[in-house]
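J.: Encoded as structure tokens, here's the structure I'll be asking about.
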Amino acid sequence: MNTHASSRYDAVIVGGGHNGLVAAAYLARAGRRVLVLERLPRVGGAAVSAQAFPGVDARLSRYSYLVSLLPRQVVRDLGLRLDLRRRRIASYTPTVRDGKPTGLLVDATDPGRTRESFRALTGADREWQAWQRFYGMTAQVAERVFPTLTEPLPTRAELHRRVGNEAAWTDLFERPLGETIERGFADDLVRGVVLTDALIGTFTHAHDPSLRQNRCFLYHVIGNGTGDWDVPVGGMGAVTSALAEAALAAGAKIRTGCEVTAVATDGRGDAEVSYRHRDGEATAAARRVLVNAAPAALARLLGEDPGPAPEGAQLKVNMVLRRLPRLRDTAADPREAFAGTFHIAEGYGQLETAYTEALAGRMPSAPPSEIYCHTLTDPSILGPEAVRQGLQTLTLFGLHMPARLFGDPAAKERALAACLAQLDAVLAEPIADCLATDSEGRPCVEARTPPELEREIGLPGGHIFHRDLSFPFAAESGPFRAEDAGSAAARWGVATAHPNVLLCGAGAVRGGGVSGIPGHNAARAVLEDPAR
Numbered sequence: 090m091n092t093h094a095s096s097r098y099d100a101v102i103v104g105g106g107h108n109g110l111v112a113a114a115y116l117a118r119a120g121r122r123v124l125v126l127e128r129l130p131r132v133g134g135a136a137v138s139a140q141a142f143p144g145v146d147a148r149l150s151r152y153s154y155l156v157s158l159l160p161r162q163v164v165r166d167l168g169l170r171l172d173l174r175r176r177r178i179a180s181y182t183p184t185v186r187d188g189k190p191t192g193l194l195v196d197a198t199d200p201g202r203t204r205e206s207f208r209a210l211t212g213a214d215r216e217w218q219a220w221q222r223f224y225g226m227t228a229q230v231a232e233r234v235f236p237t238l239t240e241p242l243p244t245r246a247e248l249h250r251r252v253g254n255e256a257a258w259t260d261l262f263e264r265p266l267g268e269t270i271e272r273g274f275a276d277d278l279v280r281g282v283v284l285t286d287a288l289i290g291t292f293t294h295a296h297d298p299s300l301r302q303n304r305c306f307l308y309h310v311i312g313n314g315t316g317d318w319d320v321p322v323g324g325m326g327a328v329t330s331a332l333a334e335a336a337l338a339a340g341a342k343i344r345t346g347c348e349v350t351a352v353a354t355d356g357r358g359d360a361e362v363s364y365r366h367r368d369g370e371a372t373a374a375a376r377r378v379l380v381n382a383a384p385a386a387l388a389r390l391l392g393e394d395p396g397p398a399p400e401g402a403q404l405k406v407n408m409v410l411r412r413l414p415r416l417r418d419t420a421a422d423p424r425e426a427f428a429g430t431f432h433i434a435e436g437y438g439q440l441e442t443a444y445t446e447a448l449a450g451r452m453p454s455a456p457p458s459e460i461y462c463h464t465l466t467d468p469s470i471l472g473p474e475a476v477r478q479g480l481q482t483l484t485l486f487g488l489h490m491p492a493r494l495f496g497d498p499a500a501k502e503r504a505l506a507a508c509l510a511q512l513d514a515v516l517a518e519p520i521a522d523c524l525a526t527d528s529e530g531r532p533c534v535e536a537r538t539p540p541e542l543e544r545e546i547g548l549p550g551g552h553i554f555h556r557d558l559s560f561p562f563a564a565e566s567g568p569f570r571a572e573d574a575g576s577a578a579a580r581w582g583v584a585t586a587h588p589n590v591l592l593c594g595a596g597a598v599r600g601g602g603v604s605g606i607p608g609h610n611a612a613r614a615v616l617e618d619p620a621r
């Protein structure tokens, strides 16, 4: 095996996911010499598109699939050629009332229609009015908190003052979200729809005293000051392509097929990054190392104890359909119901039951999940023949499916079958009858468990946020030395125990989701502290 001499850079970025590309673009545009090292043969990490089924011309957003947190500032700064399209339908939740299939439709552009749907479901305006009050409050918080995510990290007291609403602060930052939901809403289904944003990618429950659910909920409702979740035209791969183009155009060097094996630093001089590639081994010296990998992965690269392993808790399912299925609720148009977030088995009580079963080590008997159809908003991910055939895609995200449930090789198939059974329960025909088939005659459905997400894209335990999310303010103690508390890295929430090693991925403070925020903040920290 060949060993190549070390090269020197201003910054080496470990991991070519979207955050690493954001950091690379900002630093290269500022004149820094930047090297991005990516283990896989392509960049993007979880933000990629792929033709998942042989012979079916559909490029699916295979892992992550919607965008909310990517700041418009980052898009402008980097000149990204990117089209994010708003979904007119926010959500549809099927249910049965008085023995009759029905559902709750939230139309993002027609409040009157949404009000009528609430009234038809609950028989009165109370829940609609509570919905208006609650999301009016979260909208106010979003307007005030989101801009801080690309500013130096505020203290808790500073963010409290910025929010400027004592009741909102208490409800979102201090008391378990379940208390707020139960105080504000009476209907079990409506309560469940609200709670789901607190559970996506987080294995927890409404009354968790650690407030993990509050932190997850906050990031789901503050994106760009509105909380809207948009469809990336061209799929998630279009986001990655735009970022890679920006980084390369600015002069960054991107090397794929390069697996980083170690990071060595004394915290004072250059750090050294060792990596493997197809021709052998090499090292790169850098004034700064920015790590777009989980903190646990960084600890292993440094030869340190990674601590307790994170655990993801979701099942990701991709499907291609010959046609959209008919619904038991005949008043609902499938083209509307599936265009937004389609909630399945996500009543408040159902969510708690599924969590309790999974916590006990059992596969949820009625696993909750969410579905949406990318192609109803953006058919560009389909080839001409797929469009002619009328194909549609469905993305399902199953909740309360922790990694601990997938030690048995057959668990994946049981989980998939259970999720599809819950979907079938609200359909007028089995989903299997609507699936397209690939060139080998196999149904176009694929599932990814947390262990598979770890193997394929390096998410520790399949945790989509790398570790538990944090509130977007400075903790009283952090993973850095006391003498570094005033450093640029600490101010921007990207510090580690090593002054010249920074986090730039989802595990940073204000990380998680397809946002580019940690990449932006790590770059800002480097540019503000050039002497080290």
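Just so we're on the same page, the working numbering is the position in the sequence shown counted from 1, plus 89.
Note that the Cβ used here is the ideal one computed from N, Cα and C, for glycine as well.
All of these numbers come straight from a predicted model, not from anything done at the bench.
#1: With respect to the beta strand (DSSP E) encompassing residue 377, which residues constitute its N-terminal and C-terminal limits?
#2: With 16 as the cutoff for other CB atoms within 10 Å, does residue 506 come out buried or exposed?
#3: Using alpha carbons as the reference points, say which of 416, 167, 585 lies closest to residue 623.
#4: If you run the structure through DSSP and keep just helix, strand and coil, what is residue 309?
#5: Distance, Cα to Cα, residue 244 vs residue 183?
#6: Taking only the alpha-carbon atoms, compute the straight-line gap between residue 97 and residue 400 and give it to the nearest angstrom.
#7: Skipping 5 residues on each side, what residues in its chain have a beta carbon closer than 7 Å to that of residue 301?
#8: Using 8 Å as the cut-off, can you tell me whether the region 321-330 makes contact with the region 138-158, which would need three or more C-beta pairs spanning the two stretches below that distance?
#9: Below 8 Å on the Cβ atoms is my guess for residue 286 versus residue 216; work out the distance and round it to an integer in Å.
#10: In three-state terms, what does DSSP make of residue 185?
#11: If you follow the alpha helix (DSSP H) that residue 331 is in, where does it begin and where does it stop?
#12: Which of the three DSSP states is assigned to residue 407 in this structure?
#13: Beta-carbon separation of residue 453 and residue 459 under 9 Å?
#14: Taking just the CA atoms, how far does residue 118 sit from residue 267?
#15: Which same chain residues, not among the five before or five after residue 248, have their C-beta less than 6 Å away from its C-beta?
#16: Residue 390 by DSSP, collapsed to three states: which one?
#17: DSSP beta-bridge partners for residue 578?
#18: Note the first and the last residue of the continuous alpha helix (DSSP H) segment covering residue 107.
#19: Kindly list the residues whose CB is nearer than 6 Å to the CB of residue 583, restricted to its own chain and excluding five residues on each side of it in sequence; keep chain order.
#20: With a floor of 3 residues, list each beta strand (DSSP E) that falls wholly inside the region 196-248, ordered by position along the chain.
#21: Can you confirm whether the region 253-266 touches the region 357-377 when touching is taken to mean that 3 or more C-beta pairs between the two stretches lie within less than 8 Å?
#22: Nearest CA to the CA of residue 381: which residue from 132, 99, 122, 121?
#23: Only counting the same chain, and skipping five residues up and downstream in sequence, which positions put a Cβ closer than 7 Å to that of residue 101?
#24: If you run the structure through DSSP and keep just helix, strand and coil, what is residue 54?
#25: Enumerate in chain order the residues of its own chain whose CB-to-CB distance from residue 229 is below 6 Å, with the five nearest sequence positions on each side excluded.
#26: Roughly how many angstroms separate the alpha carbons of residue 617 and residue 577, rounded to a whole number?
#27: Please classify residue 405 as buried or exposed, where buried requires at least 16 other C-beta atoms within 10 Å of its C-beta.
#28: Relative to the C-alpha of residue 595, which candidate in 308, 225, 393, 515 has its C-alpha closest?
#29: Would residue 235 and residue 313 qualify as a contact pair, given that the criterion is a beta-carbon distance under 9 Å?
#30: Need the endpoints of the beta strand (DSSP E) that residue 534 sits in, please.
#31: Could you tell me the alpha carbon to alpha carbon distance between residue 93 and residue 344, rounded to whole angstroms?
#32: For residue 335, which residues from the same chain have a beta carbon less than 7 Å from its beta carbon, with the 5 sequence-adjacent residues on both sides left out?
#33: What's the call for residue 414, buried or exposed, on a 16-neighbour Cβ count within 10 Å?
#34: Just the C-alpha distance for residue 476 and residue 546, rounded to the nearest angstrom, thanks.
#35: In its own chain, which residues sit with a C-beta less than 6 Å from the C-beta of residue 106, not counting the 5 before and 5 after it?
#36: Given a threshold of 16 other Cβ atoms within 10 Å of its Cβ, counted over all protein chains shown, does residue 424 qualify as buried or as exposed?
T.: A quick look at the data gives this:
#1: In the DSSP assignment, residue 377 falls within the beta strand (DSSP E) that extends over 369-380.
#2: Its Cβ having fewer than 16 others within 10 Å, residue 506 is exposed.
#3: No statement about residue 623 is possible, as the shown extent of the chain runs from 90 to 621 and does not include it.
#4: In this structure, residue 309 counts as helix in the three-state DSSP scheme.
#5: Using only the alpha carbons, I get a separation of about 42 Å.
#6: Rounded to the nearest angstrom, the two C-alpha atoms are 36 Å apart.
#7: The beta carbon of residue 301 is closer than 7 Å to those of 291, 293, 557 in its chain, skipping five residues each way along the sequence.
#8: Yes: the two stretches touch, three or more of their Cβ pairs being nearer than 8 Å.
#9: Not a contact, Cβ separation roughly 17 Å.
#10: In the structure shown, residue 185 sits in a strand (DSSP, three-state: E or B).
#11: For residue 331, the uninterrupted alpha helix (DSSP H) run begins and ends at 325-339, by DSSP.
#12: In this structure, residue 407 counts as strand in the three-state DSSP scheme.
#13: Contact: no.
#14: Separation of residue 267 and residue 118 (C-alpha to C-alpha, rounded to the nearest whole angstrom) is 45 Å.
#15: Around residue 248: 562.
#16: Look at residue 390 here: in three-state DSSP terms it is helix.
#17: Within the DSSP secondary-structure output, residue 578 pairs in no beta bridge.
#18: Residue 107 -> alpha helix (DSSP H) spans 107-118.
#19: Only 591, 592, 597, 610, 611, 614 meet the Cβ criterion.
#20: Counting only runs of 3 or more, we get nothing.
#21: No contact exists between the region 357-377 and the region 253-266.
#22: Of the listed residues, the one whose Cα sits closest to residue 381 is 132.
#23: Cβ contact annotation for residue 101 (same chain, cutoff 7 Å, sequence separation greater than five): 124, 126, 362, 373, 375, 378, in chain order.
#24: A question about residue 54 goes unanswered here, because the residues of the chain that appear run from 90 up to 621.
#25: If we look at residue 229 and ignore the five residues flanking it on each side, it has no Cβ neighbours.
#26: Cα to Cα, the separation comes out at about 6 Å.
#27: Its Cβ being crowded by 16 or more others within 10 Å, residue 405 is buried.
#28: Closest by alpha carbon: 308.
#29: Contact flag set, yes.
#30: Residues 534-537.
#31: Reliability of the predicted coordinates at residue 93 is poor, the pLDDT of 48 falling under 50, and no value is obtained from them.
#32: These residues qualify, in order along the chain: 114, 167, 168, 169.
#33: Counting the other CB atoms within 10 Å of its CB gives residue 414 a total of 16 or more, which places it among the buried residues.
#34: Each residue's Cα considered, the two are about 30 Å apart.
#35: Cβ within range, chain order: 134, 381.
#36: Answer is exposed; the Cβ neighbour count stays below 16.
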